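Notes follow the structure.
In my numbering, the protein residues as written are 783 to 911.
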């Protein structure tokens, strides 16, 4: 969420937003304190192990509407799966996954890529943010 917009929210609005995120803002007395609690929650990361890699997924990326919209498609393509992974992981970690899926002759193992995707989207740690 845009920090400028969040800064203009009332304490009651921040309480509502915090509730949706699963974070109690009740201990915070001011809107600024509530905003800090929310930002701390969204800054958390989940660790997901896949293909011998320890991947870090920030909460805010796991809640990205672009990824959610793509994953909700009944006919998601391989390119869209890769885009979801790129949204969740960022360019650097996605490059690590691509290297892990690539044989020495340059062949990219689609099954290994599918396994990495499955590990990401079925991760208990990501589900329990």
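Backbone N, C-alpha and C fix where the C-beta goes; we use that ideal spot for every residue, glycine too. A quick note: this is a predicted structure, and the numbers were derived from the prediction, not measured.
Under three-state DSSP, which class holds residue i?
{"i": "residue 790", "result": "coil"}
{"i": "residue 892", "result": "helix"}
{"i": "residue 822", "result": "helix"}
{"i": "residue 811", "result": "coil"}
{"i": "residue 856", "result": "coil"}
{"i": "residue 771", "result": "The shown model of the chain, from 783 to 911, leaves out residue 771, and the question about it has no answer."}
Which two residues bound the contiguous beta strand (DSSP E) that contains residue i?
{"i": "residue 831", "result": "827-832"}
{"i": "residue 839", "result": "835-840"}
With respect to the alpha helix (DSSP H) encompassing residue i, which residues constitute its N-terminal and C-terminal limits?
{"i": "residue 783", "result": "From DSSP, residue 783 is part of no alpha helix (DSSP H); its letter is neither H nor E."}
{"i": "residue 805", "result": "Unbroken run through residue 805: none, as it is neither H nor E."}
{"i": "residue 873", "result": "860-882"}
{"i": "residue 848", "result": "847-853"}
{"i": "residue 906", "result": "906-909"}
Rounded to the nearest angstrom, how far is the Cβ of residue i from that of residue j, given a contact under 8 Å?
{"i": "residue 901", "j": "residue 854", "result": "Not confirmed; about 20 Å, so no contact."}
{"i": "residue 819", "j": "residue 810", "result": "5 Å"}
{"i": "residue 823", "j": "residue 805", "result": "4 Å"}
{"i": "residue 830", "j": "residue 907", "result": "7 Å"}
Quiz item: Are at least three pairs of beta-carbons, each pair with one atom in the region 878-887 and one in the region 841-850, less than 8 Å apart?
Solution: Because the criterion of three Cβ pairs below 8 Å is not met, the region 878-887 and the region 841-850 do not touch.
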